[in-house]
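Novice: Protein chains in written order, with UniProt numbering: chain H, 1 to 1159; chain P, 1 to 343.
Idealized CB from N, CA, C, for every residue including glycine.
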């Protein structure tokens, strides 16, 4: 039953309440005073002394036995279970007593011996856990006569064999309320005489002066509480002896009040608010009193958290209506003996689980809290003892506190927290001991003394603490003590405990190691030198590492994952050793090389644990300076080759290379050579990586490749001039790939990705395709990738070239480059044909097309350019029908460009005509290839373009060539183009091209022109025919022939013929709208030629047509957009004509527009 | 000093008459003589004057009459120096191994307070005082005023320490022990004979570990043997339990041992003292495994008392005393094993 006096207890927390209220809150008849002392209200020798009949008394007995509802409830509850109750405990505060009946008489109960024995055992347990001492005895004998207390009744009335009253902590510094203005002074004696006076006061007047902190020595402070009446006397005394003093607590009463207000918030929520079975969400703070609702809430929480263990039942209600619940804590089963406990705030003592293995996680918080509370209590006791200069007792408490670190139940995380808390406390001890030593007080043989501790964990922690004090006070023993400490720690072979112990050792000694060079005069035999420091850390390191590794093999294999995680959490403890080594100033390169590194590596290699090796090797890289790494590369890398097969050696090496490369870069930035020339850094790495690969045949090849990647990075950053190094890396990659005998590397595999990374590096670094060509093995490595991989690299290359405008200037380069780009250029044997997105494909090919424009030889070396183009042609030609439409046209245009260039320099090159001819033949072949690929429009255009190009470049056979091109175009038209729209478009182009061509003689020109007219009238659709004829009519007017020497032909008659034909075709159109449209267009053409001065065209022609539209066609049309469009077109034309008619030109040969009928 | 002198025993006179006297024994140099703590039978400790073998005992016996003016008749006054062994199960029989008597006065009458000098020259004290579980060895001086009816007797106990010189032979204890195929260790204690303020330094080397050891401790055990023949009683008492290892080591691990003896309640080893009893000491190396099984190996060590000297300096880590013998050692001894934990 947690609270037997809920009303009273509640009142102690009330705003207007009294924190020290003892009785319940029932008003008494005939008195203003409230409440009855429950513990005088029980019916066993009631009112026989030690209680009061006066309602105002603190110990008012209530007027009759069991007069109070609360005591009745307790009586009934106990009677209900009395026959199965063995023990009755009633918990009170305060005084630290463990009391047995009787209260009414000094005689002892019959079973006092048994009562006493049980009490002794209980108190011993309490002392073991909390260090508190309880006085045992019967109430009357220990305290005073009191009648009607509950324990007397429980034994005498209810017949429970064991009944006790427990008076809790503390012994009552503030046992009663103090009269006002008690003050606490902090006093310091400055000399022996005044100190003696203070001691006299302490020894002889303690009835008046309460020394909270006793006088220890001259110059030490003492705290004294002084009653108000003696204030003046005391201060006078201080003045006489001229002691330093100040008021520490001005008003003790206030201070107490304050501390009451500071009572901890009643509920301390735990981190995890999720309630799981077996763990309450929070616990009460045992160091302070919680208020009533908090207690009740906790009671319910306990019941909810431990449904099988705890049941809560209400026993009734107090006078003021507060509930009085009772908790039944039982594992089930009936007929068992029970313990009935009641009190202000009683909860069962936590018992340590006996199991040796670690407890489930949910118990961790609880276990940790328990351990921490022991630490807190013991630390407090320790400090008190230190204050009283009771060193032995202090050490005992320290040892008990350290005993908590012996647990096997905590997870590493919780253990760490506990460890930290204890370390904090140990600092106090250390400070105290230092203080003592420095004040010249010899703590004789302390080093030996602490070694009497029976348990090894507390013993060694104390030994370390004392050892450190020795070192700090006696410089000369340093070396031996350090050696002893690190050696003695071997006794702890439990991984977790050992790790933390040694970490403590390491932390404590961090500034104490003899960091002096061997030849330093201060480094005496007993002080030691840096070698001793190194030995110390190395021994500690290797022991810690062994323990850490051993953790992996402890416990069940199903917990392996958890253990690995925990080990990861602990790795810092081991790594700290390396940090310490790195912090030793006196370790020079020589020592590092000869002693430090080999020592570490030996341990790392021999521990054969992947996790440890990986972490520690990386640790070495990170904690030691770059310079020493450079000097010890061989050693380090050799060790790498010996690591466990699960170790990701490449990660370690990559880290190392990264670090050195960065170092090299920094050096470079400082204007120094990146790597000292005597260290062939690259060669070392490359050799060692080879060795590692050999030593670890099972190493995944992608890891090997990632090593190569880092090597390349090293080469870039430290040896930017030596491109051959990069090639060397590629070569060794190739060899490695040969070894694993993989024909093609899957792009999506890890290896593929690494290779991809490897290949991209030089691309991005050099930003030049051509430079890449200096890496003969680049292509070979590239070939090892599967199609997708190669394509991806090829795309990367192309983009890179385009971004950087890398021009390719020789035929050899073209071959080489295009070889690398092969997956984009032609079908590959390993190509997967599964539907590539057409858009993506076009994208790729467009890139390739752009790439072609980067093929540019020196301006003066046109032959070279020609060779390049033919080379490229050969490659691209293999691309198949899907690719050549993208790749050949740019090539052809490049060729045209080249031909024009030859023409420009025709004075310098005698053979230029021949070469041009060759170029055009080349182009012709290219276009023919496209034709062969069953393309029509594209080659047709290219033929036309070729004809135009040939006509512009005047060399011997250019007319023939142009004619050939044109005739090819016409052939294509006739044979391949059947779609009417395409036909019209092609014809448009052909007509336009012909108009531009000026190299034909009449003999060539005439048939082409008439062919054109013929083709125009052969078009399928009438409007097309009409328009095509209009276009063709231009040929007779503005095209030229060789004979005309560039003058337009001006064959007006033929023009009119064409137009007439066009007009006729137009009128054949059935749709009047179309007809009207065509005729309006025709009007414009007539006007055009008329204006150009074609004599065959007259105003009549124009009038006829206009009137035809006006009279015949437009009226037929319904009002529509189309009609409006035509009308506007016609209107605009008429407007123009009107303008011309009304403003006749002044030039003589201008045609006259008189006679145009416009309305 | 009062307790050292003991309480006087008062001769009771019949019928309320007669003289009674108080006897005090005052040793020469009492003010400067060293004392030593000696356990009493009820487990408490008392401080007694300390003597060594061959030392003389001299002093004064003062007899103070209770009723001045009355005479004290006696049949003679004597002082005895006695060395006695008492076996608790045989309370009536005390075995005196030393008994020296000096007569202080012939029979006669005492009329006033009298004082007698006494002197035992170079007394042989062959054994050390000892209070054990079943046996007690004590030295005391006894003054007896012989009277017709009841003698007046006064006794004072003395402490005697036997000092030894540094033993000539003091080889280390080194041994390989094991349980076949599961545990194999080699241990070494630096000496076989330790003085009472000595330090046991040693090492345990694990050659094979296939059991999960939880911890290892060294216990100092005192074995008191009394009686002879068929009636031999052995009483073992664990003087100290000292954890020397926490957790389970692996092969190749070596664990240091360092036990300071000065803090424990030890006596020198006593062998066959006056054919009555022996007190021997053993170091018990105990390994406890995860299943609470205990494996142990006992080794006797000899303890001796050394003349006091200047205190030694700090005790430091042992220089590695042993290298594993690679299993070549003559014989591997078996661990003793207790399958269930004993409490």
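Name, in chain order, the residues that DSSP records as bridge partners for residue 92/H.
Specialist: Looking up residue 92/H in the first chain gives position 92. 167/H, per the DSSP bridge assignment.
Novice: To which residues does DSSP link residue 213/P through a beta bridge?
Specialist: One-based indexing of the second chain puts residue 213/P at position 213. The partner list for residue 213/P (beta bridge, DSSP) reads 289/P.
Novice: Would you kindly work out how many angstroms separate the C-alpha atoms of residue 179/H and residue 37/P, rounded to a whole number?
Specialist: Translated into positions along the first chain, residue 179/H becomes position 179. Translated into positions along the second chain, residue 37/P becomes position 37. Residue confidence for residue 179/H is low, a pLDDT of 44 falling below 50, so the modelled location carries little weight; the figure read from the coordinates is stated next. Each residue's Cα considered, the two are about 50 angstroms apart.
Novice: For residue 56/H, count neighbouring C-beta atoms within 10 Å of its own C-beta (all shown protein chains included) and say buried if the count is 16 or more, exposed if not.
Specialist: Translated into the one-based positions of the first chain, residue 56/H becomes position 56. Under this definition residue 56/H is an exposed residue.
Novice: Report all residues from its chain with a CB closer than 6 angstroms to the CB of residue 438/H; omit the five preceding and five following residues, and keep chain order.
Specialist: Within the first chain, residue 438/H is the residue found at index 438, counting from 1. Nothing listed; no residue qualifies.
Novice: At a CB distance below 8 angstroms, what residues from the region 484 to 502 of chain H approach chain P? Give them in sequence order.
Specialist: Answer set for the region 484 to 502 of chain H: 484, 487, 488, 490, 491, 492, 493, 494, 495, 497 and 498.
Novice: In the DSSP assignment, what residue or residues form a beta bridge with residue 158/P?
Specialist: As a first step, residue 158/P is located in the second chain; it is residue number 158 there, counting from the start. Bridge partners of residue 158/P: 139/P.
Novice: What residues from chain H crowd round residue 243/P, counting only those whose CB sits closer than 7 angstroms?
Specialist: Here residue 243/P is taken as the residue at index 243 of the second chain, counted from 1. Those within 7 angstroms of residue 243/P in chain H are 454, 455 and 456.
Novice: From 980/H, 421/H and 1098/H, pick the residue whose C-alpha is nearest to that of residue 1056/H; which is it?
Specialist: Looking up residue 1056/H in the first chain gives position 1056. Closest option to residue 1056/H, Cα to Cα, is 1098/H.
Novice: Measuring straight from C-alpha to C-alpha, what distance separates residue 947/H and residue 1061/H?
Specialist: What you label residue 947/H is simply residue 947 of the first chain in a count that begins at 1. What you label residue 1061/H is simply residue 1061 of the first chain in a count that begins at 1. For residue 947/H and residue 1061/H, the distance between alpha carbons rounds to 29 angstroms.
Novice: Is the shortest distance between the beta-carbon of residue 448/H and the beta-carbons of chain P less than 8 angstroms?
Specialist: Counting from 1 along the first chain, the entry for residue 448/H is found at position 448. Yes - at least one Cβ of chain P is within 8 angstroms of the one on residue 448/H.
Novice: State the Cα-Cα distance for the pair residue 267/P and residue 521/H, rounded to the nearest angstrom.
Specialist: Counting from one through the second chain, the residue named residue 267/P turns up at place 267. Counting from one through the first chain, the residue named residue 521/H turns up at place 521. Between residue 267/P and residue 521/H, the C-alpha separation is close to 48 angstroms.
Novice: At which residues does the beta strand (DSSP E) containing residue 691/H begin and terminate?
Specialist: Locating residue 691/H in the first chain gives position 691, counting from the first residue. Premise fails: residue 691/H lies in the alpha helix (DSSP H), 681 to 695, not in any beta strand (DSSP E).
Novice: Is the CB-CB distance between residue 933/H and residue 920/H below 8 angstroms?
Specialist: Numbered from 1 along the first chain, position 933 holds the residue referred to as residue 933/H. Numbered from 1 along the first chain, position 920 holds the residue referred to as residue 920/H. Against a cut-off of 8 angstroms, the Cβ pair of residue 920/H and residue 933/H comes out as no contact.
Novice: Is residue 164/H buried or exposed, if buried means 16 or more other CB atoms sit within 10 Å of its CB?
Specialist: Walking along the first chain from the start, residue 164/H turns up at place 164. With 16 or more other Cβ atoms within 10 Å, it is buried.
Novice: Could you name the residues of chain P that residue 550/H contacts, counting a contact when the two beta carbons are closer than 7 angstroms?
Specialist: Stepping through the first chain from its first residue, residue 550/H is reached at position 550. The answer, in chain order, is 250.
Novice: Under the DSSP definition of a beta bridge, which residues are partnered with residue 188/H?
Specialist: Residue mapping note: residue 188/H aligns to position 188 of the first chain, counting from 1. Residue 188/H is bridged to 221/H and 244/H.
Novice: Which residues, in chain order, does the region 520 to 538 of chain H contribute to contact with chain P at a C-beta distance below 8 angstroms?
Specialist: If the cut-off is 8 angstroms between Cβ atoms, the region 520 to 538 of chain H has nothing near chain P.
Novice: State the CB to CB distance for the pair residue 1016/H and residue 1006/H, rounded to an integer number of angstroms; the pair is presumed to be in contact (CB under 8 angstroms).
Specialist: Position 1016 of the first chain holds residue 1016/H. Position 1006 of the first chain holds residue 1006/H. Residue 1016/H to residue 1006/H, Cβ: 16 angstroms. No contact.
Novice: Helix, strand or coil: how does DSSP classify residue 89/P here?
Specialist: As a position in the second chain, residue 89/P is number 89, starting the count at 1. In the structure shown, residue 89/P sits in a helix (DSSP, three-state: H, G or I).
Novice: Quick check on residue 70/P: does DSSP put it in helix, strand or coil?
Specialist: As a position in the second chain, residue 70/P is number 70, starting the count at 1. Coil, per DSSP.
Novice: Listing by chain order, which chain H residues have their CB less than 8 angstroms from the CB of residue 188/P?
Specialist: Locating residue 188/P in the second chain gives position 188, where the first residue counts as 1. Going along chain H, no residue has its Cβ under 8 angstroms from residue 188/P, so there is no contact; the nearest lies around 15 angstroms.
Novice: Report the rounded CA-to-CA distance for residue 714/H versus residue 633/H, giving the unit in angstroms.
Specialist: Numbered from its first residue, the first chain carries residue 714/H at position 714. Numbered from its first residue, the first chain carries residue 633/H at position 633. Roughly 14 angstroms between the two C-alpha positions.
Novice: Do residue 90/H and residue 140/H come within 8 angstroms of each other at the CB atom, strictly closer than that value?
Specialist: Residue 140/H sits at position 140 when you count from the first residue of the first chain. Residue 90/H sits at position 90 when you count from the first residue of the first chain. Not closer than 8 angstroms, so no.
Novice: Do you know whose CA, among 1037/H, 31/H, 954/H and 960/H, lies nearest residue 991/H's CA?
Specialist: Counted from its first residue, the first chain places residue 991/H at position 991. Taking only the C-alpha atoms, the option nearest residue 991/H is 1037/H.
Novice: Report yes if the CB atom of residue 1160/H is closer than 8 angstroms to the CB atom of residue 747/H, and no otherwise.
Specialist: No answer is possible for residue 1160/H: it lies beyond the span of chain H, which begins at 1 and ends at 1159.
Novice: Look at residue 798/H and residue 818/H and say whether their C-beta atoms are less than 8 angstroms apart.
Specialist: Within the first chain, the letter at position 798 stands for residue 798/H. Within the first chain, the letter at position 818 stands for residue 818/H. Contact flag unset, no.
Novice: With DSSP as the reference, label residue 627/H as helix, strand or coil.
Specialist: Looking up residue 627/H in the first chain gives position 627. The answer is helix: DSSP assigns residue 627/H an H, G or I state.
Novice: From the beta carbon of residue 107/P, is the nearest beta carbon of chain H less than 8 angstroms away?
Specialist: Counting from one through the second chain, the residue named residue 107/P turns up at place 107. No, residue 107/P lies away from the interface with chain H (no Cβ there is under 8 angstroms from its Cβ).
Novice: Taking the alpha-carbon positions, what's the residue 231/H to residue 247/H distance?
Specialist: Taking the first residue of the first chain as 1, we reach residue 231/H at position 231. Taking the first residue of the first chain as 1, we reach residue 247/H at position 247. Residue 231/H and residue 247/H: Cα-Cα distance of roughly 11 angstroms.
Novice: In this structure, does DSSP put residue 96/P in helix, strand or coil?
Specialist: The residue given as residue 96/P occupies position 96 in the second chain. In the structure shown, residue 96/P sits in a strand (DSSP, three-state: E or B).
Novice: Which chain H residues sit within Cβ distance under 9 angstroms of residue 344/P?
Specialist: This structure gives no information on residue 344/P, because the portion of chain P shown stretches from 1 to 343.
Novice: Should residue 76/P and residue 25/P be called a contact, given that it needs their Cβ atoms to be closer than 8 angstroms?
Specialist: By 1-based counting over the second chain, the position of residue 76/P is 76. By 1-based counting over the second chain, the position of residue 25/P is 25. No.
Novice: For the region 774 to 787 of chain H, enumerate the residues whose C-beta is nearer than 9 angstroms to any C-beta of chain B, in chain order.
Specialist: Considering every chain present, this structure includes no chain B. Its protein chains are H and P.
Novice: Spatial neighbours of residue 939/H within its chain, please: CB distance less than 7 angstroms, with the 5 preceding and 5 following residues excluded, ordered by chain position.
Specialist: By 1-based counting over the first chain, the position of residue 939/H is 939. Hits under 7 angstroms: 927, 930, 931 and 972.
Novice: Give me, in chain order, the residues of the same chain whose beta-carbon lies closer than 8 angstroms to that of residue 695/H; leave out the 5 immediate sequence neighbours on both sides.
Specialist: The count along the first chain starts at 1 and reaches residue 695/H at position 695. These residues qualify, in order along the chain: 641 and 642.
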